[in-house]
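Presented below is the structure to which this report refers.
Chains as they are written, first to last, in full-length UniProt numbering: chain F, 1 to 247; chain G, 1 to 247.
Set out below in structure tokens:
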């Protein structure tokens with residue numbers, strides 16, 4: 001299944017503005033303005049200027065929160081997004097409610113305390129983001145993330161992403177039962193996405209610091225239905241349901 | 001969501017021939033002919049006469065196996081179906097390959113040895129069958145069973161059924177993660193079924209004999225999305241997306 005572009009010209013538009021350049025622009029914009037996000041529970045908030053707002057929208061980070069202030073926009077980032085902007089792109093400082101800037105280690109510790117699976121989820125998120133995929137939450141489709149080839153305004157999401165880890169005793173994860181696998185694949189087929197399972201494998205070392213991220217390995221696996229009729233030798237020309245005849 | 005009948009007249013047809021009567025007819029037919037099913041791995045096979053075949057089709061038990069014998073029909077039953085016919089309806093004897101008739105206790109032991117979750121699955125299956133629901137495998141939709149109000153030729157399946165038990169350490173079951181729940185509900189919505197979760201709760205006693213089935217309790221739970229717009233006071237008349245105004 002290839003990308004499903006939204007309307008004519010979208011493909012060309014995406015090619016003319018690669019996501020890598022859009023991310024670079026965002027990075028410069030946030031660094032120049034010395035942006036500071038405020039950590040709050042399981043999200044990070046940023047009051048954005050018009051320029052920042054445009055850059056965030058184009059790179060598809062965060063979501064706008066509706067406030068009563070008409071001329072200012074507040075953005076809310078999920079923890080993976082915020083940590084990616086802060087730790088990976090180094091373009092966003094994150095402060096607590098007392099305006100103290102948090103170090104990488106402090107942030108890491110905070111996020112791991114909020115979400116037990118943060119190391120694996122962030123590894124998966126950044127694994128796709130560094131390859132210039134746009135990564136958004138997947139709860140609408142019952143998966144962890146959805147991945148877009150470019151901005152969601154131009155293209156439909158291509159992959160439904162599930163994060164699976166090998167943590168000891170982590171039996172509460174997805175796809176361990178056939179019924180779950182069937183359910184997930186059937187849904188992915190129905191919404192024209194490919195199921196991408198990211199196995200995030202740790203090396204058994206401690207996870208006290210974000211440098212431990214380098215020790216994770218990510219194994220990618222796409223899962224799809226095998227349809228006999230579509231996988232025959234003569235498929236390209238015939239699409240028949242009869243047995244193929246020998247000539 | 002109510003039943004979705006297939007075409008005009010189906011509802012009347014179903015009302016004229018209640019499933020309870022169809023099951024009674026099947027029962028008589030199988031008892032009269034002293035039917036014997038042959039156990040084979042995870043299924044039970046029955047060579048059916050034309051009359052039996054009609055009765056099985058109408059009651060929706062088993063599936064026809066294609067064989068080279070044109071004038072004879074072989075039926076294959078899943079273990080729940082076979083045990084229901086044998087133990088609950090008492091209309092099918094089941095024999096092994098040496099033609100020895102198996103007792104209820106022997107059958108129970110055999111089936112539990114083949115499928116670890118057989119007690120819970122059979123309890124769920126029979127819970128619906130005794131209420132005259134037609135119960136078929138649900139793997140196509142990533143669930144354990146689907147339930148029809150009447151024969152699948154007359155009506156679409158109404159419930160997608162998941163069996164959940166409280167067995168110690170049974171962490172490999174469905175719906176423990178939000179993503180799984182979202183996935184399942186989204187799929188059920190897409191195929192116009194209601195998710196029915198049957199919690200089969202044991203009383204902690206041994207399961208060496210089928211009489212232990214009486215000690216299980218079944219708690220039914222349907223799960224569906226809550227859509228604010230459809231749950232407002234004024235819903236029945238307005239279906240508006242605006243805030244309701246006070247009059």
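Backbone N, C-alpha and C define an ideal beta-carbon position, used for all residues, glycine too. Predicted model, so just to flag it, every value in this text is computed and none were measured.
- Here residue 201 (chain F) carries a strand assignment [DSSP, helix/strand/coil].
- Between the segment 99-110 of chain F and the segment 198-217 of chain F there are three or more inter-stretch CB-CB distances shorter than 8 Å, so the stretches are counted as touching.
- Residues 72 and 74 of the same chain have their beta carbon placed closer than 7 Å to that of residue 47 (chain G), with the five preceding and five following residues left out of the count.
- Of the residues F:203, F:212 and F:226, the one whose Cα lies closest to the Cα of residue 194 (chain F) is F:226.
- Under the DSSP assignment, residue 52 (chain G) falls in the alpha helix (DSSP H) whose first and last residues are 50-59.
- Beta bridge pairing from DSSP links residue 89 (chain G) with no other residue.
- The C-beta separation of residue 77 (chain G) from residue 126 (chain G) comes to about 14 Å, leaving the pair out of contact by the 8 Å criterion.
- For the pair residue 179 (chain F) and residue 98 (chain G), the CB atoms are not nearer than the 8 Å cut-off.
- In this structure residue 142 (chain G) is buried. Its beta-carbon is surrounded by 16 or more other beta-carbon atoms within 10 angstroms.
- In this structure, residue 216 (chain G) lies near residue 200 (chain G), with their beta-carbon atoms less than 8 Å apart.
- Between residue 127 (chain G) and chain F, the shortest Cβ-Cβ separation is not below 8 Å.
- Using a CB distance cut-off of 8 Å, residue 187 (chain G) counts as an interface residue toward chain F.
- At least one CB atom of chain G sits nearer than 8 Å to the CB of residue 177 (chain F).
- Taking the beta carbon of residue 143 (chain F) as reference, the chain G residues within 9 Å of it are 179, 182 and 183, listed in sequence order.
- Flagged as an interface residue toward chain F: residue 190 (chain G), by a C-beta distance shorter than 8 Å.
- The continuous alpha helix (DSSP H) containing residue 26 (chain G) extends over residues 19-32.
- Contact of residue 165 (chain G) with chain F is not assigned, every C-beta pair being separated by 8 Å or more.
- The Cβ neighbour count for residue 119 (chain F), taken over all protein chains shown within 10 Å, is at least 16; the residue is labelled buried.
- Between residue 8 (chain F) and residue 155 (chain F), the C-beta gap is not smaller than 8 Å, which leaves the two residues out of contact.
- Looking at F:100, F:165 and F:95, the one whose alpha-carbon comes closest to that of residue 123 (chain F) is F:165.
- For residue 137 (chain F), the enclosing beta strand (DSSP E) has its first and last residue at 134-137.
- Among the residues facing chain G, residue 212 (chain F) is not included, as its CB has no counterpart in that chain under 8 Å away.
- Cβ neighbours of residue 221 (chain F) within its own chain (closer than 7 Å, five residues either side excluded): 197 and 199.
- Here residue 23 (chain G) is actually not in contact with residue 82 (chain G); their C-beta atoms are around 15 Å apart, not less than 8 Å.
- Sequence-distant Cβ neighbours of residue 53 (chain G) in its own chain, meaning closer than 7 Å and more than five residues away, are 73.
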